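Remarks on the structure that follows.
Structure follows, in structure tokens:
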């Protein structure tokens, strides 16, 4: 897996940072996955012929992914001011993902229905109460099977639309099922925001880093979420 921060034209400037946490729990199968990156990548690899999408949960805690017949998704977590990598930039910390139903059934389009976004916000609010810390919807993700992970003009317009509601909102794109010269397969990931200019909507790149869960979440916060019965018992089944 290549974590990219360069733009379509090789631009390496970055406007911020995205941290994906390790040790995320998958609620449907009751299995332990190594990272939020792994959860989203596994979702992206469900289908080779259609794009998948989701939402991102940003905060500090264990994550859940709910996979449906037609893959789609969002991200949950929180946002902090950068103290290191990109001074003054905002750092988006992601620890959970929610897979969604696709409202646009065309294979090369992804769209999140307003009611699904509302449900994700309500879910994040419940986690905030349980963990006693801020959790919010911080972004979305989708896949680009057999093509580059650079955002299309449709992706950039969608991202700009979300940023009109939340300036910190980020997008992740997984470029999957890309084959090398000798039959090998590689996957790519980029994080981006959109910038509207008089001529066009531009891609603004974010640095991506996978970090241990302990850097994002205290033991007490994780335990509170794991033991909460409101989340289907998945955490409890994995605790201990």
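Numbering (the numbering used here), first residue to last: 13 to 252.
Beta carbons: idealized from backbone N, C-alpha and C, even for Gly.
This one's a predicted model, so the numbers in the text were calculated from it and none came from an experiment.
Option nearest residue i by Cα separation, candidates the options
| i | options | result |
| --- | --- | --- |
| residue 146 | 217, 239, 90 and 236 | 90 |
| residue 139 | 234, 30 and 157 | 234 |
| residue 135 | 236, 154 and 110 | 110 |
| residue 207 | 174, 108, 229 and 112 | 174 |
| residue 200 | 239, 154, 108 and 112 | 154 |
Buried versus exposed call for residue i [16 or more other C-beta atoms within 10 Å across all chains shown]
| i | result |
| --- | --- |
| residue 161 | buried |
| residue 165 | exposed |
| residue 128 | buried |
| residue 76 | Caution applies to residue 76, whose pLDDT of 36 falls short of 50 and renders its modelled position unreliable; the value that the coordinates give is listed next. Under this definition residue 76 is a buried residue. |
| residue 218 | buried |
| residue 170 | buried |
| residue 319 | Limits of the chain in this structure are 13 at one end and 252 at the other, which puts residue 319 out of reach. |
| residue 21 | Summary for residue 21: the model assigns pLDDT 41, below 50, so the residue's position carries little reliability; its value from the coordinates is reported in the next sentence. Exposed, by the Cβ-count rule. |
Nearest-angstrom Cα separation, counted from residue j out to residue i
| i | j | result |
| --- | --- | --- |
| residue 93 | residue 28 | 9 Å |
| residue 125 | residue 85 | 11 Å |
| residue 227 | residue 172 | 30 Å |
| residue 177 | residue 133 | 13 Å |
| residue 152 | residue 143 | 22 Å |
| residue 236 | residue 212 | 45 Å |
| residue 232 | residue 225 | 13 Å |
| residue 210 | residue 204 | 20 Å |
| residue 123 | residue 187 | 18 Å |
| residue 30 | residue 112 | 21 Å |
| residue 229 | residue 108 | 12 Å |
| residue 159 | residue 239 | 41 Å |
Contact check, residue i vs residue j, beta carbons under 7 Å
| i | j | result |
| --- | --- | --- |
| residue 182 | residue 130 | no |
| residue 156 | residue 202 | no |
| residue 32 | residue 222 | yes |
| residue 102 | residue 167 | no |
Cβ separation of residue i and residue j, assumed to be a contact under 8 Å, to the nearest whole Å
| i | j | result |
| --- | --- | --- |
| residue 163 | residue 214 | With a Cβ gap of about 10 Å, residue 163 and residue 214 do not count as contacting. |
| residue 150 | residue 106 | 6 Å |
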